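**Student:** Sequential numbering of the sequence shown, starting at -3, is according to my numbering. Glycine included, each C-beta is placed from N, C-alpha and C at the ideal position. These numbers come from a predicted model, not from an experiment.
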Amino acid sequence: MSVHNQTKRVTTRVLQEMKLKGEKIAMLTAYDYSMAKIIDQAGIDCILVGDSASNVMAGHETTLPITLDQMIYHASSVIRGIQRSLVIVDLPFGTYQGNSKEALHSAIRIMKESGAHAVKMEGGSEIKESIDRILTAGIPVMGHLGLTPQSIYKFGTYVVRAKEEEEAERLLQDAKMLDEAGCFGIVLEKIPAKLAAQVAKSVSVPVIGIGAGSEVDGQVLVSHDMLGITQEFSPRFLRRYLDMGDQMINAVKQYVQDVREVDFPNDQERY
Ligand code: KIV
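(1) Give the DSSP-derived three-state secondary structure of Gly90 in the structure shown.
(2) Given the structure, does Asp175 come close to the ligand KIV, in the sense that its CB is under 7 Å from one of the ligand's heavy atoms?
(3) Can we say the segment 106 to 123 touches the segment 71 to 85, given the rule of at least three CB pairs closer than 8 Å?
(4) Within a Cβ cutoff of 6 Å, which residues of the same chain sit near Val218, ignoring the five residues on either side of it in sequence?
(5) Could you tell me which residues DSSP puts in a beta bridge with Val137?
(6) Mind checking whether the beta-carbon of Gly46 lies closer than 7 Å to any heavy atom of the ligand KIV?
(7) Considering only DSSP beta bridges, list what Phe44 is partnered with.
(8) In whole angstroms, what separates the C-alpha of Gln253 from that of Glu265?
(9) Give a yes or no on whether the C-beta atoms belonging to Ile68 and Ala32 are separated by under 8 Å.
(10) Using a Cβ-Cβ cut-off of 8 Å (strictly less than) and excluding sequence neighbours within five positions of Tyr275, which residues of its own chain qualify?
(11) With a threshold of 7 Å, establish whether the CB of Glu57 neighbours any heavy atom of the ligand KIV.
(12) Any heavy atom of the ligand KIV within a distance shorter than 7 Å of the CB on Thr25?
(13) Contact between the segment 182 to 192 and the segment 204 to 217 is defined here as three or more beta-carbon pairs at a separation below 8 Å; is this criterion met?
(14) Apply the 10 Å Cβ neighbour rule to Val258 and answer buried if 16 or more other Cβ atoms are within range, or exposed otherwise.
(15) For Ile206, which residues in the same chain have their Cβ closer than 6 Å to its Cβ, ignoring the five residues on either side in sequence?
(16) Check the DSSP bridge columns for Gly142 and list the partner residues they point to.
(17) If you check the beta carbons only, do Asp175 and Val199 fall under 8 Å apart?
(18) So, for Ala177: in the same chain, excluding its five sequence neighbours on each side, which residues have a beta-carbon less than 7 Å away from its beta-carbon?
(19) Could you name the residues of the same chain whose beta carbon sits closer than 7 Å to that of Arg157, not counting the 5 residues immediately before and after it, in chain order?
(20) Work out the CA separation of Asp41 and Thr8 for me, nearest whole Å.
(21) Among Gly39, Val255, Tyr27, which has the Cα closest to the Cα of Ser81?
(22) Relative to the C-alpha of His140, which candidate in Gly120, Ile43, Gly152, Gly55 has its C-alpha closest?
(23) Just to check, is the beta-carbon of Val137 closer than 7 Å to a non-hydrogen atom of the ligand KIV?
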């Protein structure tokens, strides 16, 4: 029987089984109760409370400004909306790099205060000590390699990563390190599809791609992007499933018109 037909909760173990069976994993972001409830009901496997909340919810240019308290607020809202999905929360910039004690403290706060099921961290060998320490405490960790938006000022651009052999080899080694360290999954963002396929074959844990082609174990998108709420962002890897932004604008325009023309509320909509 496919794991999709079971009403049981998705766990890191279920994701591992899905990889072994060749069943693709579907992941989307959510930052609030209402969106989480809808995408959980629709059968999503994992919800990522991404630090993309910094862009999507708060309107910042990068993911850097969002704080640990803000991530905990978003994550606890998401947790109240779900029944089945595995909820993974980004450790925000500045809460885990370079200090493994602080990393553990940040991860524990997320798990305790939001009720989330796992954390995600950007980077490879440079954050190994922090990853090891968090894993030792029994907290599931998902890695994130390739384009890592928290390092945008180091890269200086959002273009495709690891096109050159040296960077590709480093990424492959980092993925193997994350696998061996005990991470339960790895996100690969905006890298050549061929390299992503090679990584997915080389590691034992599920590899979830965003702009990394189809030969990986699953896909993740920012829900506001795939629903067409964020209209200005349209990279090649993004498929829009709805023009929700346009539909919302039209609905609000109609409401404004109805109020002005005293068409709303009508006789049935009053007490
Ligand atoms: O923050 C986020 O939404 C992410 C995804 C793009 C993978 O990290």
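**Tutor:** Based on what the coordinates show:
(1) coil
(2) no
(3) yes
(4) Thr25, Ser48
(5) Val115
(6) Yes, the Cβ of Gly46 comes within 7 Å of a heavy atom of the ligand KIV.
(7) This sequence places Leu at residue 44; Phe is not what is there. BP columns for Leu44 point to Thr25, Ile84.
(8) 17 Å
(9) The answer is no: Cβ separation not under 8 Å.
(10) Residue 275 is absent from the model: the chain starts at -3 and stops at 267.
(11) no
(12) Relative to the ligand KIV, the nearest heavy atom lies less than 7 Å away from the CB of Thr25.
(13) yes
(14) exposed
(15) Glu185, Val216
(16) Beta-bridge analysis with DSSP links Gly142 to Glu185.
(17) Yes, they are a contact pair.
(18) Lys124, Ile127, Asp128, Leu131
(19) Once the five neighbours on either side are set aside, the close Cβ partners of Arg157 are Gly142, Leu143, Glu163, Lys186, Ile187.
(20) Taking the straight line from one Cα to the other gives about 10 Å.
(21) Gly39
(22) For the residues Gly120, Ile43, Gly152, Gly55, the minimum Cα distance to His140 belongs to Gly120.
(23) no
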